[in-house]
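**Q** Just so it is clear: in the sequence shown, position 69 is 68 by numbering that gives the first Met the number 0, and no numbers are missing.
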Amino acid sequence: MVRMLLQGVDIMQIKPSASIRQNYNEIAALCKSTGEPVFLTKNGEGDLVVMDIEAFTRREKMLKLREELLAVEEDRLAGRAGVTPDELDSYLDSIIDEVEHGKEGSI
């Protein structure tokens with residue numbers, strides 16, 4: 000069952016769920032050193048996935064980017080117009096201005 004749920008995962012670190020209480024520091028170190036999730040089982044079945052916060056944040060950003068790229072590709076295939084390079088430049092300039100003003104306001 001666990002293997003079916005985890006198809007496509009390159010390196011699997013599988014631990015019994017009781018080990019999270021007994022070996023928290025070891026599991027945390029494993030997550031941080033490998034950058035990969037640790038799969039916890041309960042009674043031999045997949046139960047939880049634990050991962051380092053940096054790895055989680057990175058994965059979330061990658062998923063969001065994939066969703067955005069997919070939406071752009073769907074728009075392109077449907078014949079909907081995207082933004083021009085000038086519109087993109089203007090948009091990016093406005094974001095940069097926001098960030099710079101935000102930094103200046105907090106100093």
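Every residue gets a Cβ at the ideal spot worked out from N, C-alpha and C, and that includes glycine. A quick note: this is a predicted structure, and the numbers were derived from the prediction, not measured.
Which term fits PRO84, buried or exposed, when burial requires 16 or more other beta carbons within 10 angstroms of its beta carbon?
**A** The residue in question, PRO84, is exposed, as its Cβ has fewer than 16 Cβ neighbours within 10 Å.
**Q** Please identify the residue among VAL37, ILE52, ALA54 whose C-alpha is closest to the C-alpha of ASP46.
**A** Out of VAL37, ILE52, ALA54, VAL37 has the C-alpha closest to the C-alpha of ASP46.
**Q** So is LEU68 buried or exposed if we call it buried at 16+ other beta carbons inside 10 Å?
**A** Exposed, because fewer than 16 other Cβ atoms sit within 10 Å of the Cβ of LEU68.
**Q** Hey, how far is the Cα of VAL71 from the Cα of LEU64?
**A** C-alpha separation (whole angstroms): 11 Å.
**Q** Whole angstroms is fine: what's the gap from GLU97's alpha carbon to GLN12's?
**A** Rounded to the nearest angstrom, the two C-alpha atoms are 42 Å apart.
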